[in-house]
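Visitor:
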Amino acid sequence: MAKLPKPEELGKIDYTPPSTGWMDTPVEFKPGYFCNAAKEKNLAGLHMPNARTWSVKDEDWKLPDNWKEIIMEGLRERLEKYRSLRIFMDICVRCGACADKCHFFIGTGDPKNMPVLRAELLRSVYRKEYTTAGKILGKFAGAREMTIDVLKEWWYYFFQCTECRRCSVFCPYGIDQAEITIVGRELLNLLGLNIDWIMGPANACYHKGNHLGIEPHTFKSSIEFFLDDIKTITGIDIEPSFNRKGAEILFVTPSGDVFADPGTYTAMGYLMLFHELGLDYTWSTYASEGGNFGFFTNNELAKKLNAKIYAEAKRLGVKWILGGECGHMWRVLSQYMDTWNGPADFLEVPKSPITGTVFENARSMKMVHITEFTADLMKHNKLKLDPSRNDDVRLTWHDSCNTARGMGLLEEPRYIAKQVCNNFFEMPENTIREKTFCCGSGSGLNASENMDMRLKGGLPRANAVKYVHEKHGVNTVGNVCAIDRATLTTAIDYWSPGVRVSGLHELVANALVMKGEKTRRTNLRFEPLPGVEQVDDDQPEEE
Amino acid sequence: MAHVEVKGAKYEVDEDGFLVDPDEWNMDIASYFADVEGIAMTEAHWEVVNFLRDYFKQFNIAPMIKILVKEIGKKMGPEKGNTKYLYQLYPGGPAKQACKIAGLPKPTGCV
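Top line first, the protein sequences correspond to chains G and Y. For the first sequence, the working numbering begins at 154 and goes up steadily by one. For the second sequence, the working numbering begins at 13 and goes up steadily by one.
(1) Going by beta carbon distance, what residues of the same chain come within less than 7 Å of Ile333(G), once the five residues before and after it are set aside?
(2) Kindly indicate if chain G contains any beta-carbon less than 8 Å away from that of Cys143(Y).
(3) Note down, in chain order, all residues in the segment 406-421 of chain G with a beta-carbon under 7 Å from any beta-carbon belonging to chain Y.
(4) Report the residues of the segment 26-42 of chain Y with a CB closer than 8 Å to any CB of chain G, ordered along the chain.
(5) By DSSP, does Tyr647(G) sit in helix, in strand, or in coil?
(6) Return the first residue and the last residue of the alpha helix (DSSP H) that Met606(G) is part of.
(7) Would you call the segment 670-679 of chain G and the segment 382-392 of chain G in contact, with 3 or more CB pairs under 8 Å?
(8) Are three or more beta carbon pairs between the segment 466-478 of chain G and the segment 532-539 of chain G nearer than 8 Å?
(9) Rounding to the nearest angstrom, what Cα-Cα distance links Asn203(G) and Cys320(G) in this structure?
(10) Quick check: what's the CA-CA separation for Ser505(G) versus Ala528(G)?
(11) Along chain G, in chain order, which residues have C-beta atoms closer than 7 Å to that of Ile77(Y)?
(12) Is DSSP giving Ser708(G) helix, strand or coil here?
(13) Under three-state DSSP, which class holds Met520(G)?
(14) Measuring only between beta-carbons, confirm whether Ala635(G) sits less than 8 Å from chain Y.
(15) Put Ile335(G) into one of helix, strand or coil per three-state DSSP.
(16) Roughly how far, in whole angstroms, is the beta-carbon of Gln313(G) from the beta-carbon of Phe257(G), given that I think they are within contact range, below 8 Å?
(17) Please classify Gly104(Y) as buried or exposed, where buried requires at least 16 other C-beta atoms within 10 Å of its C-beta.
(18) If you drop the 5 nearest sequence neighbours on each side, which residues of the same chain put their C-beta closer than 6 Å to that of Arg397(G)?
(19) On the DSSP letters alone, give me the boundaries of the alpha helix (DSSP H) that Phe512(G) sits inside.
(20) By a C-beta neighbour count over all protein chains shown, 10 Å radius and 16 as the cutoff for buried, is Ser172(G) buried or exposed?
(21) Pull up the distance between the alpha-carbon of Arg547(G) and that of His522(G), whole angstroms please.
(22) Determine the extent of the alpha helix (DSSP H) in which Ile391(G) is found, giving its start and end residues.
(23) Any idea what DSSP makes of His256(G), helix, strand or coil?
(24) Less than 8 Å between CB atoms is the rule here; does Phe449(G) satisfy it with respect to chain Y?
(25) Could you check whether the Cβ of Asn543(G) sits closer than 8 Å to any Cβ belonging to chain Y?
(26) What residues of chain Y sit near Leu365(G), judged by a beta carbon separation below 9 Å?
(27) Taking Cβ positions, are Thr419(G) and His658(G) nearer each other than 8 Å?
(28) Hey, which unbroken runs of the beta strand (DSSP E) at 3 residues or more fall wholly within the segment 428-503 of chain G?
(29) Roughly how many angstroms lie between the CA atoms of Glu245(G) and Pro325(G), to the nearest whole one?
(30) Between which two residues does the beta strand (DSSP E) containing Tyr99(Y) stretch?
(31) Would you mind telling me which residues of chain Y sit closer than 9 Å to Lys457(G), beta carbon to beta carbon, in chain order?
(32) Hey, is the segment 446-453 of chain G in contact with the segment 345-356 of chain G, meaning 3+ C-beta pairs nearer than 8 Å?
(33) Short of 6 Å in beta carbon distance, which residues of its chain neighbour Asp329(G), apart from the five on each side in sequence? Order them along the chain.
(34) For a test of the three-state rule: what should DSSP assign to Lys92(Y), helix, strand or coil?
(35) Measure the C-alpha to C-alpha separation of Lys192(G) and Pro184(G) and round it to an integer number of angstroms.
(36) Alpha carbon to alpha carbon, what distance is there between Lys254(G) and Cys554(G)?
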């Protein structure tokens, strides 16, 4: 990885378009702006086409001779299969409403990061093949031939879109740019042209149950490590179960929560909350991943990786499924799982055993988001909370793209946040809720070799954080997404230092007064609670 | 795929320069990676690498950073059981630099 430029340098953005027209401006592969090629073993492990060792930096991407035929046939199939794609190809009037809504365009000034132009990369090939005007008038009608340079341009820009769908909110026709990127990536995958940061986790998930490749004994050992810490902080012994048949609820969360800080504190939060409720639930070391990097590859792989959730629910004989804090996991679950791998008619309509609330919205899917579950507990006064334990937290809320725009989860997280935290401040209106800005690293782009691009994409979000940091002294960004927890930490440290990132159930667990707990002196990060001055020396210090 | 040659032996490395096959790891390649990373290895550095190797053997993945912190604290004394100490040893980050020297694959996913 090249050395990272300073924020003052990376923050200089030139919005002057190139002097040449977009079709005549060749793509320049800038180091720091693209990810490494998918490795052969990961392509082969998933039986993807054209598994071989290749490098993006090489001129020759080692494609089959008939690559063009494969792409054009792939496009034809998808136009037939997805009516939405055909509409999105035909309907755009290039009004430009989306142009300045993309975090990558705002951060780079590269016109091909305008959603309208990113779509044109594919649309131009579509026009040449499928429209009369395009066939006859060619370039004058915005049409062009599929060439190797076009293919490389697709690759560069379809892996510079996080499928966040902010642009779609502003499109008067509702064109879903994520679907265009999804199809673009599907076509590239027909030639084995994925990035390794997606193919690696997807392959690990296929073979070991989760993106990180955490094996069952490791998964259990990691949870036990959290239990040790919880015991130190609260004095309470917790004994969760794994793969337990007959449990009422199966709990599924992204594997990042049991591996990477600060997601690990969120995982501790789940454990503490469920223990306090006496919830009859089980973890699974088989369905040990809520996220789905197959979704960033193609429909078939996404479906395959998703299948284990219902399969495990059936095997264990649970009544319904509870899901943890994750972003794209919920786009997949709420919009695809039921049709891919359902109907899950062996499950019951989710009903909170604590409040009796029936989650009608999950009647078909049978899976409930943890913030829906927890907000309902709070609404019914089922939790004893001491929000003053979070009085050192000045919180703002980052709506994760997929939970906000993909499932409309806007109120529940805020309701919970305000119950457990006395200081809550919203970022500006055009950067939150359905207009929320992406972390800049979603859809599998959270690698390290593309760090310049990630930071540029994270700039609009970090900028809004900086605003409330300066105006209200905000020092914490809350969210419900594992990718956010990992990547916003990096982006905000870079653009707006002094603000940290926290999952919601970390804050819940800090405020949760548990039966039989000892006087708490620290939060889950082993930092002294407000008003507590000294902390035991033998506790680990966190950054 | 790129190769590096150390004392006459060839090792396959990925685009980040990480060892592809953890089983090929030995002191020679570890010292080579340390040189590349600009780390002058001391006993304290090896302590971290050895723990990473042991953990990997048992669990087939790099440990969570907090497990590393706790274990080093146990072994080297409580004043060293913190991330600050680990960053002093490995300024490029213990997860990245120390794992590379220990020949462990980089964890991928929502991390």
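For every residue, glycine included, the Cβ atom is placed at its ideal position computed from N, Cα and C.
Guide: On the basis of the data shown:
(1) Phe241, Ala272, Leu275
(2) This structure cannot settle anything about residue 143(Y), because the visible part of chain Y is limited to 13 through 123.
(3) Pro407, Ser408, Gly409, Phe412, Ala413, Asp414, Thr417
(4) Asp26, Glu27, Asp28
(5) helix
(6) 604-625
(7) yes
(8) no
(9) 33 Å
(10) 11 Å
(11) Asp414
(12) Residue 708(G) is absent from the structure shown; chain G starts at 154 and stops at 696.
(13) strand
(14) yes
(15) helix
(16) 6 Å
(17) exposed
(18) Thr435
(19) Element bounds for Phe512(G): n/a, residue is neither H nor E.
(20) exposed
(21) 25 Å
(22) Here Ile391(G) belongs to no alpha helix (DSSP H), and DSSP marks it neither H nor E.
(23) helix
(24) no
(25) no
(26) Ile73, Pro119, Thr120, Gly121, Cys122, Val123
(27) yes
(28) 434-436, 473-476
(29) As written in the sequence, residue 245(G) is Cys, which differs from the Glu given in the question. Their Cα atoms are separated by approximately 9 Å.
(30) No beta strand (DSSP E) holds Tyr99(Y); the alpha helix (DSSP H) holding it covers 95-101.
(31) What Lys457(G) touches in chain Y: nothing, since even the nearest Cβ is about 17 Å away.
(32) yes
(33) Ser321
(34) helix
(35) 19 Å
(36) 13 Å
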